[in-house]
Each structure stands twice: as C-alpha cells, then as structure tokens.
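For what it's worth, my numbering labels the leading residue of the first sequence as 42, then goes sequentially. We treat Cβ as the ideally placed atom computed from N, Cα and C, and that holds for glycine. All of these numbers come straight from a predicted model, not from anything done at the bench. First comes the structure, then the notes that go with it.
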Amino acid sequence: MAQQKISAPKGVSEYAPPRSSAFEFVRDSLIAPASRAGYQLIELPVFEDTELFKRGVGESTDVVSKEMYTFEDRGGRSITLRPEGTAGVMRAVIEHGLDRGQLPVKVWYSGQFFRAERPQAGRYRQFYQVGIEAIGLDDPAIDAEVIAIADAGFKALGLKKYRLEITSLGDLQSRAAHRVDLLKFISTLELDEATAARAAINPLRLFDDKRDEMKKAMQNAPLLIDYLTDESREHFNRVIKYLDALGISYVLNPRMVRGLDYYTGTTFEFVHELLGAQSGIGGGGRYDGLMEQLGGQSLSGIGFGLGVDRALLAAEAEGVIGSDAFVSDLFIIPLGDEAKLQALTVASALRAQGKTVEIAFGDRALKGAMKGADKSGATYVIVLGESEISTGTVELKEMKSGVSTSVKIDSLLEALEK
RNA sequence: GUGGACGUAGCUCAGCUGGUAGAGCACCCGGUUGUGGUCCGGGAUGUCGCGGGUUCGAGCCCCGUCGUUCACCCCA
C-alpha cells in the first residue's frame with residue numbers, strides 16, 4: 042500500500058544532487074577568504090534562549106516581533122530557532138570568555154537560520170548564511186578588512202553583477218540628533234496607516250519604501266550621514282579611504298536601512314542586479330553596543346552575513362557556477378560474486394590512498410555497467426572477471442580516449458597516478 | 001502578513017469551444033555470448049497538487065485548501 046507522501050515544510054531551501062555540489066562550492070567559496078585572514082570557526086547551536094534575540098536583535102524589529110520560530114521546550118524554557126548569527130556569536134564569546142584573551146576575537150560561522158516569513162525565490166524559512174565577526178577593535182582598518190573579505194568571497198565565486206553599498210549609521214549621539222529632525226520632517230507627511238505604523242517603530246524605515254510617491258516624499262528628508270559626530274565622520278572617512286586603497290568599488294547610500302537594531306557606524310550591503318526583490322546577497326556592519334547589551338564588557342564589533350542561497354541564485358543567474366561535478370578516478374565493474382569481493386578489496390585499498398573509486402554493484406549487464414561508468418564521468422574503468430582475477434591483470438581503460446592498457450592489479454595506484 | 005499568477009509523467013512542457021491524457025529529454029531492455037558515448041528497435045511511468053461542487057461526463061468550469069512564484073513588506 043502506498044503511503045501518503047510527506048513533503049518538506051513550506052519555504053525551506055534544500056539542495057539535492059547534482060545542485061548540492063554547486064551549493065557546496067558557493068558556500069565554501071564565500072567563507073574561504075575568512076580563514077585566510079585568520080578567522081577561526083565557531084560552531085553554535087541553531088536554537089537559543091529567546092531572550093538573546095529579543096535583547097540582541099531588538100524587540101522592535103520585524104525579525105524579532107513577527108518572524109521568529111519560538112517554542113517552549115519540555116522544561117518550559119522559551120527557545121527560538123536562530124534568525125541571524127551575530128547575537129549567538131556574542132553570547133558564546135561572552136560565555137567562553139573569548140573576549141578576555143587577545144583582541145580582536147575573530148571568528149567565522151556557517152549554517153542554517155530561520156525566519157517565518159512568506160517565502161518567495163531567495164527568501165526561505167530556513168536559509169543558509171556564512172559570516173564573520175571581529176570583536177574588540179575600533180580601528181576603521183578592520184571595517185575595511187571585513188568588507189574586503191566579504192567582497193573576496195563574492196569575487197572567488199565569480200560574481201560580477203553586484204555592488205557594495207555603504208554608509209555610516211553613526212554613534213548614539215549622531216542618531217539621536219538626526220532622529221529629532223527626521224521625526225519633525227515625517228510629521229509633515231501624509232502617511233497611510235501601515236506606513237505611519239512603520240514610521241512609529243523606526244522612522245528610518247521610510248527611506249526604504251519602494252513606492253515612487255514615497256521616494257519622492259522622502260527626497261528632502263534629513264539624512265543621518267549629515268548628522269554624524271566628528272568622531273563618527275572621521276572613522277567613516279578612513280574606512281572609505283582604505284576601501285579606495287584596496288580598489289574595492291562601492292556606492293555611498295545614505296538612505297540605506299538595516300533591519301536589526303544593533304547596527305552602529307559603518308554599515309554595508311551587497312546587492313545583486315539579477316535577483317529581483319530579494320537582491321541582498323550579504324550585509325553587515327558595526328555593532329558597538331551589542332556585547333554590553335548582552336551582559337558582556339563594553340567592546341565594539343563588526344561582522345557580516347552572506348546569504349548562501351541567494352549567492353547560489355546569483356551565480357546561476359550570471360552563469361558562473363563552476364561545473365565541478367562529482368567525478369571518480371576509477372570505476373570498477375565486477376562480473377560475478379568472487380569479483381565483487383575482489384572489487385571491494387581493490388577499491389578500499391585505492392580509497393585509502395585518496396582515490397575516488399566507484400563500484401558497479403547489482404549484477405547489471407556489462408553494457409549497462411559501462412554506460413553507467415560513462416555517465417558517472419569516471420576517468421578510468423576496469424572490468425573484473427574470472428580471467429582478470431586468475432591472471433592478476435586488468436585492462437585499465439581511459440574513458441576519454443577509449444584506450445586501454447594492461448595493468449597488474451597490484452600496480453593500479455601507480456597507473457592511476459600517471 | 002497583503003495583493004496577483006501558476007500547479008499535467010523524474011525534468012521541460014502540449015492538451016482546441018468540458019467527452020475518462022500526450023511530446024521531447026531522462027530512464028530501463030535489446031541489436032548474439034565480457035566493454036561506454038552515435039544510431040536503430042522495444043518498454044515502464046501519471047489517483048492531471050489535494051478536497052468538495054456543477055454536469056450524463058472535468059485536466060479543462062466554480063469553491064476551498066496546500067504548494068510554488070511575482071510584487072509589497074522584510075532581509076540573507
């Protein structure tokens with residue numbers, strides 16, 4: 042009796058072969074530059090105390106107020122599936138006293154995150170991000186380095202059609218001054234109910250409105266960048282100077298808005314041109330008050346998160362995804378029971394030496410097995426039957442040329458390495 | 001969360017004004033006994049997303065539901 046099929050929960054992204062190898066390539070390419078810059082892996086739980094995100098990310102944010110997967114565990118604790126990476130990293134850094142050692146603390150992470158949004162292409166309820174955090178250094182040079190690492194990841198992937206947008210959100214003083222004038226400006230606007238509600242929660246949000254009439258209305262709104270304190274301005278100017286020196290191109294976007302409360306100072310976003318509405322492939326910035334907010338010492342920090350799913354979509358859209366499909370070195374076709382045993386032995390020995398070896402089990406006809414070998418893209422094929430076993434010699438066939446040479450089974454390794 | 005589009009074999013899709021489903025690709029087998037890619041021949045496959053309704057009769061019409069997708073929103 043056929044049972045009813047069970048399908049994946051709504052809106053999750055998952056990757057099966059052969060696309061999974063593209064996913065793997067994207068994920069690894071994006072994060073590789075981090076370890077080359079001395080960042081070390083930090084592996085964290087996917088669920089945390091709900092309070093961590095409320096306090097870290099901010100209760101007024103959409104992410105926390107309406108997009109979290111929160112539930113009570115069996116001990117009555119409120120648990121939340123992590124919607125982003127930074128808060129968890131800060132929690133762990135404080136908990137393990139990493140900030141008591143040499144600064145900055147430099148870590149990278151990779152994994153899945155969860156947000157209960159309405160799904161569409163590039164926006165999933167479970168999605169993948171890689172990211173880094175550099176904690177405990179105010180130097181604008183680290184800002185530039187962090188941005189350069191993200192940019193290097195996208196470049197390593199082969200992406201071209203994206204841009205880096207950058208601005209500074211300034212410090213508390215800068216934002217307070219700006220907020221007063223911005224609210225004054227907004228009060229002169231006629232807003233519909235939903236928009237007014239958004240403005241009440243975070244007036245900066247109005248800069249993000251996609252509607253033309255709103256864009257026009259906000260044309261003359263006071264910009265935060267014009268309210269930076271001398272210190273914030275100087276910091277930002279130096280970041281820009283370093284980026285120029287690094288040859289990293291960027292667009293200044295003083296209207297950029299970020300959805301997480303902890304951002305301060307340098308803030309940036311990578312936007313891809315071919316992705317439609319979900320075009321942000323990465324973003325990050327400083328979060329100078331976060332650690333203290335979470336009960337740690339008062340250290341600054343900066344980091345980014347890159348969307349692996351979206352970067353994959355972008356790579357596919359640009360047609361730059363490398364065709365590094367799985368290919369084995371040797372494909373063994375055993376004929377008969379005795380040969381299977383022999384094939385297993387030979388394969389184990391070669392695999393122990395680092396060779397990728399596949400065996401055609403299942404007693405397929407030789408023709409079918411050869412077809413399988415061909416499809417697998419294997420470099421070499423051997424047929425293992427009675428005569429081969431008794432003579433200890435096989436015909437090593439190179440699939441591409443069709444040429445085969447006699448090789449002793451014992452010297453297969455050397456033959457493969459030629 | 002709001003509004004719109006779509007949902008037919010593993011994949012891409014066709015199916016005229018309602019009459020109980022097809023193509024290409026992929027897959028499997030064979031073309032004389034142990035060597036692939038081309039070619040030729042043959043073959044399997046669908047509760048037409050799901051549930052109701054209208055009708056003598058629905059893949060085609062109506063309602064609901066689930067999923068995907070586009071925009072808003074949000075952001076990776």
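Asked	Found
Just checking my contact of I176 with V134 at CB under 8 angstroms: how many whole Å lie between their CB atoms?	6 angstroms
Check T307 in the structure and name its three-state DSSP category.	strand
Would you mind reading off the limits of the alpha helix (DSSP H) that contains V349?	V349 to E359
Note down the Cα distance separating S442 from T420, rounded to an integer number of angstroms.	10 angstroms
Go ahead and pull the three-state DSSP assignment for L71.	helix
Could you check if V361 is buried or exposed, using at least 16 other CB atoms within 10 Å of its CB as the buried criterion?	exposed
What separation, rounded to the nearest whole angstrom, lies between the Cα atoms of P145 and E65?	29 angstroms
Could you check whether the stretch 312–321 touches the stretch 284–291, counting it as contact only if at least three pairs of C-beta atoms, one from each stretch, sit closer than 8 angstroms?	no
Sort G337, L425 and Y203 by Cα distance to R309 and report the nearest one.	Note on residue identity: the sequence assigns Phe, not Arg, to residue 309. The shortest C-alpha separation from F309 is found at Y203.
Taking A390 as part of the alpha helix (DSSP H), name the residues at either end of that continuous run.	D378 to A393
Which residues in the same chain have their Cβ closer than 6 angstroms to the Cβ of S339, if we skip the five residues on either side of it in sequence?	E333
Have a look at L371 and V435 and give me their C-alpha separation to the nearest angstrom.	13 angstroms
Write down the C-beta distance between R327 and D184 rounded to the nearest angstrom, noting that I regard them as a contact closer than 8 angstroms.	7 angstroms
Taking only the alpha-carbon atoms, compute the straight-line gap between L139 and V130 and give it to the nearest angstrom.	11 angstroms
Is it buried or exposed, S290, if we count other Cβ atoms within 10 angstroms and call 16 or more buried?	exposed
What residue from E458, A414, A355 and G377 has the CA that sits closest to E429's CA?	G377
Comparing C-alpha positions only, which one of G117, V422, V87 and E136 sits nearest to Q153?	V87
Distance check for L425 and P58, CA to CA, integer angstroms please.	29 angstroms
Should P295 go down as buried or exposed, given a rule of 16 or more other Cβ atoms within 10 Å for buried?	exposed
Per DSSP, Q170 forms a beta bridge with which residues?	G152 and G348
Which term fits H219, buried or exposed, when burial requires 16 or more other beta carbons within 10 angstroms of its beta carbon?	buried
Grab me the residues of T270's own chain with a C-beta within less than 7 angstroms of its C-beta, minus the 5 sequence neighbours each way, in chain order.	G211, D212, Q214 and S215
Report whether the distance from the Cβ of G99 to the nearest heavy atom of the ligand ATP is below 6 angstroms.	The ligand ATP is absent from the structure shown, which contains no ligands of any kind.
I'd like the span of the beta strand (DSSP E) that includes E206, first residue to last.	Y203 to S209
Cα-Cα, which of T229, G323, R279 and G321 is closest to G306?	R279
Under the three-state reduction of DSSP, which class applies to K107: helix, strand or coil?	helix
Identify, in the order they occur along the chain, each residue of the same chain with its Cβ nearer than 7 angstroms to the Cβ of E100, setting aside the five sequence neighbours on each side.	S106
Let me confirm a value: E125 is counted as buried when at least 16 other C-beta atoms fall within 10 Å, else exposed. Which label applies?	buried
Contact defined as beta carbons within less than 8 angstroms: I believe T127 pairs with G323. What is the distance between those atoms, to the nearest angstrom?	Contact flag wrong, Cβ pair sits at about 13 angstroms.
Have a look at the DSSP bridge pairing and note the partners of I373.	I400 and I423
Given a cut-off of 7 angstroms, decide if A356 and V67 are closer than it, judged by their beta-carbon atoms.	yes
So G194 packs on S70, CB below 8 angstroms; how close in whole Å?	6 angstroms
Just list the residues that DSSP pairs G90 with in beta bridges.	It is Asp, not Gly, that sits at residue 90 in the sequence shown. Looking at the DSSP assignment, D90 forms a beta bridge with I120.
Fully enclosed by the stretch 244–291, which alpha helix (DSSP H) runs are 4 residues long or longer?	253–258 and 271–287
At what residues does the beta strand (DSSP E) containing R296 begin and finish?	Taken as a continuous stretch (DSSP letters only), R296 belongs to no beta strand (DSSP E), as it is neither H nor E.
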